[in-house]
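Q: Chains as they are written, first to last, in my numbering: chain P, 36 to 237; chain F, 159 to 376.
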Amino acid sequence: MIVSESDSDLVRRAQAEDIDAFCQLAERYARRIHLLASHYCRHAQDAEDLSQEVWLKAYQALPSFRFESSFYTWLRRITINAFLNHRRSSFFRRRGQTTAVQLVPIDSETPETFHSSSPENIFNKLLFENVVNALAELTPSQRLSFLLRHYEGMSYDEIANAMNCSTGTVKKGVSRAIGKLRARLSPESEEPETLEFSNAQL
Amino acid sequence: MHNCNDTRERFTEMVLDGDPRAEKLLDQCEECRAEFESLAATLRMTARLRETVTPTEAYWTGYHAQLRSKLEQFHAKAQRLRHAKAQREELKPGLGFVFASLRKPLRLCVKTFLLPVPVPLSVAVLAIVLLFFAVRAPQQPTPLPQAPVIVQVPVEVPVVQEKVVTKVIYRDRKPISKPSNRVVPENTFARSQETLSGFKPTDEIKLTVIKGGSPNEK
Chain P
36 MIVSESDSDL VRRAQAEDID AFCQLAERYA RRIHLLASHY CRHAQDAEDL
86 SQEVWLKAYQ ALPSFRFESS FYTWLRRITI NAFLNHRRSS FFRRRGQTTA
136 VQLVPIDSET PETFHSSSPE NIFNKLLFEN VVNALAELTP SQRLSFLLRH
186 YEGMSYDEIA NAMNCSTGTV KKGVSRAIGK LRARLSPESE EPETLEFSNA
236 QL
Chain F
159 MHNCNDTRER FTEMVLDGDP RAEKLLDQCE ECRAEFESLA ATLRMTARLR
209 ETVTPTEAYW TGYHAQLRSK LEQFHAKAQR LRHAKAQREE LKPGLGFVFA
259 SLRKPLRLCV KTFLLPVPVP LSVAVLAIVL LFFAVRAPQQ PTPLPQAPVI
309 VQVPVEVPVV QEKVVTKVIY RDRKPISKPS NRVVPENTFA RSQETLSGFK
359 PTDEIKLTVI KGGSPNEK
């Protein structure tokens, strides 16, 4: 019988420079962080880089963790900061930079994110693209507010505290995000969106 | 009284938090209910992505391997930095000792020479010293300007040396014009005579007058 160590034990070991312990922590929470990153960034590679950056920052800051909150709460704070900083740095990096575009047929299987090319998965892929495109129309703060509220279940006050802004700003951001999503995903706008996606992919 | 605007403003919170009062509010207006259902469906759809859009296990294996590699690199770099810092710390006490050893005798010297002297006495001593120099200063003969001593020092001066450069220049040679020694052949006239034989001048003389040459001409 395998008894998994608690987060606190793993953190203590990681604080004593045990990389294996930190990797175990990463294995526990990497999916959650990656989910946020994949919705926050438009490109899969950017999402991967950003999520790995979060883990590196967490490892760097681990000696300062004082067990006053859960490890994940602390990690989420680092994630928010990394996302917001990424926004600032990417602004400068992307000016005048060309982007490599990989053309992928719409019905092709993407091994990184989808298990098979079944109709359901293709639909999910389209849906995911639509959601990400809708979120991309928001400001990074609004996008992050929505993700934290919707996927992480954080309260408005918690988000406002973490992002150093007012609760009203967070509420407005979340509301705008839901409005955008509804406009994109509602049955009335389904056809043009799908067509647009098809053109972009092909 | 039901107010559609107020209700719709609360939709986001009602959908996300699952407010139990939502049903009661929505029962009062069909339009608000339709709006709310649409919003809830959108969020359900996006929430479903959370479960479905997840990378495969193969992806995570590579992801964690890459992360481990980055962590090891970071760890190694941090250790190197710490080692370098420790070395600097070891050097620091040695240098500090050198500075301390220099500072101590300096302080002692200053302390040794600082003797407490009464102010009137010190003023009197200072006045005497100044008076001594004031009286003595005019008596000192002004030193005569000494004749400059000539010292011969060989100094190397760069001399511009002439350099003879031999250069071969090729010029285009013009053809030398020689005095012409052509001799007119004697039988030229005779030959022309031969060629004019049989020449007969025409009887009619054709003259063509060109008008307009001068204003008086008719």
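From the three backbone atoms N, C-alpha and C, an ideal C-beta is built for every residue, glycine too.
What number of angstroms, rounded off, separates the C-alpha of P:R47 from the C-alpha of F:E215?
A: Distance between the alpha carbons of P:R47 and F:E215: 28 angstroms.
Q: Check P:M189 in the structure and name its three-state DSSP category.
A: Residue state, collapsed to three classes: coil.
Q: Give me the Cβ distance between P:Y191 and P:K206, rounded to the nearest whole Å; I'm assuming they're in contact under 8 angstroms.
A: Yes, P:Y191 and P:K206 are in contact; Cβ-Cβ is about 6 angstroms, under 8 angstroms.
Q: According to DSSP, is F:L183 part of a helix, a strand, or is it coil?
A: If DSSP states are grouped into helix, strand and coil, F:L183 belongs with the helices.
Q: Between P:W90 and P:E62, what straight-line distance do the alpha-carbon atoms span, to the nearest angstrom?
A: In a straight line, the C-alpha of P:W90 is about 11 angstroms away from that of P:E62.
Q: Alpha helix (DSSP H) containing F:E193: first to last residue?
A: Note, F:E193: alpha helix (DSSP H), 188-210.
Q: How far does the alpha helix (DSSP H) with F:F357 in it reach, from first residue to last?
A: Where F:F357 is concerned, there is no enclosing alpha helix (DSSP H), given that its DSSP letter is neither H nor E.
Q: Mapping the DSSP letters down to three states, classify P:A51 as helix, strand or coil.
A: Coil at P:A51, not helix or strand.
Q: In or out: P:Y94 buried (at least 16 other Cβ within 10 Å) or exposed?
A: Flag for P:Y94 reads buried.
Q: Helix, strand or coil: how does DSSP classify P:F100 here?
A: If DSSP states are grouped into helix, strand and coil, P:F100 belongs with coil.
Q: Hey, would you say P:Q59 sits closer than 7 angstroms to P:L70, going by beta carbons?
A: Against a cut-off of 7 angstroms, the Cβ pair of P:L70 and P:Q59 comes out as no contact.
Q: Counting only beta-carbon atoms, is F:T165 nearer than 7 angstroms to chain P?
A: Not one chain P Cβ lies under 7 angstroms of F:T165.
Q: For a contact meaning CB atoms closer than 7 angstroms, what does F:K228 contact in chain P?
A: Those within 7 angstroms of F:K228 in chain P are Q87, L91.
Q: Please name the residues in the stretch 184-199 of chain P whose beta-carbon is closer than 8 angstroms to at least one beta-carbon of chain F, in chain order.
A: Here the close residues are R184, H185, Y186.
Q: How is P:R111 classed by DSSP in three states: helix, strand or coil?
A: Looking at P:R111 - three-state DSSP - the assignment turns out to be helix.
Q: In its own chain, which residues sit with a C-beta less than 7 angstroms from the C-beta of P:P227, not counting the 5 before and 5 after it?
A: In this predicted model, P:P227 has a pLDDT of only 41, less than 50, meaning its place in the structure is not dependable enough to derive any value.
Q: Can you check which of these residues, P:E52, P:A51, P:F57, is closest to P:D42 by C-alpha distance?
A: Of the candidates P:E52, P:A51, P:F57, the one whose C-alpha sits nearest the C-alpha of P:D42 is P:F57.
Q: Is it buried or exposed for P:H121, if we count other Cβ within 10 angstroms and need 16 for buried?
A: P:H121 should be labelled buried.
Q: When you compare only the Cα positions, how much space is there between P:T134 and P:Q80?
A: Summary for P:T134: the model assigns pLDDT 43, below 50, so the residue's position carries little reliability, and this model does not support an answer.
Q: What do you get for F:Y328, buried or exposed, if any count of 16 or more other CB atoms within 10 angstroms of its CB means buried?
A: Counting Cβ neighbours within 10 Å, F:Y328 comes out exposed, since fewer than 16 surround it.
Q: Is the CB of P:N159 under 7 angstroms away from at least one CB in chain F?
A: It does; some Cβ of chain F falls within 7 angstroms.
Q: If we cut at 7 angstroms on Cβ distances, does P:E144 have a partner in chain F?
A: Reliability fails at P:E144, whose pLDDT of 41 lies under 50, so the model's placement of it is uncertain and no value is given.
Q: Report the rounded CA-to-CA distance for P:F170 versus P:H74, giving the unit in angstroms.
A: A quick correction: the sequence has Leu, not Phe, at residue 170 of chain P. About 8 angstroms.
Q: Could you work out which residues of chain F lie near P:Y94, taking near to mean beta carbons separated by less than 7 angstroms?
A: Going along chain F in sequence order, the residues near P:Y94 (Cβ under 7 angstroms) are L229, F232.
Q: Using the three-state DSSP reduction, which class does P:L173 fall into: helix, strand or coil?
A: It is coil, neither helix nor strand.
Q: Compare the beta carbon distance of P:L183 and P:I194 with 7 angstroms and say whether it is the shorter of the two.
A: Yes, Cβ-Cβ distance for P:L183 and P:I194 is below 7 angstroms.
Q: Between the stretch 184-193 of chain F and the stretch 153-172 of chain P, do at least 3 Cβ pairs fall closer than 8 angstroms?
A: These segments do not touch.
Q: Please list the terminal residues of the continuous alpha helix (DSSP H) segment that includes P:G203.
A: Unbroken alpha helix (DSSP H) run through P:G203: 202-220.
Q: Measure the alpha-carbon distance for F:H241 versus P:E52 and round it to whole angstroms.
A: When rounded, the distance between both Cα atoms is 15 angstroms.
Q: Nearest CA to the CA of F:D177: which residue from F:E188, F:C162, F:F194?
A: Nearest C-alpha to F:D177: F:F194.
Q: Please go through the same chain and pick out, in chain order, the residues whose beta-carbon is closer than 6 angstroms to the beta-carbon of P:S86, but skip the five residues on each side of it.
A: Within the same chain, P:S86 has close Cβ partners I68, H69, A72.
Q: Taking only beta-carbon atoms, is F:T204 less than 7 angstroms away from chain P?
A: Yes, F:T204 lies at the interface with chain P (some Cβ there is under 7 angstroms from its Cβ).
Q: Pull up the CB-CB distance for P:I113 and P:M198, whole angstroms please, since I reckon it's below 8 angstroms.
A: Their Cβ separation, rounded to whole angstroms, is 13 angstroms, which puts P:I113 and P:M198 out of contact at 8 angstroms.
Q: Under 7 angstroms, do F:L207 and F:V173 count as touching if we go by C-beta distance?
A: No, Cβ-Cβ distance for F:L207 and F:V173 is not below 7 angstroms.
Q: Compute the Euclidean distance between the alpha carbons of F:E171 and F:A234, then round it to the nearest angstrom.
A: Distance between the alpha carbons of F:E171 and F:A234 is about 48 angstroms.
Q: When DSSP labels each residue in this structure, what does F:T214 get in the three-state scheme?
A: F:T214: coil per DSSP, three-state reduction.
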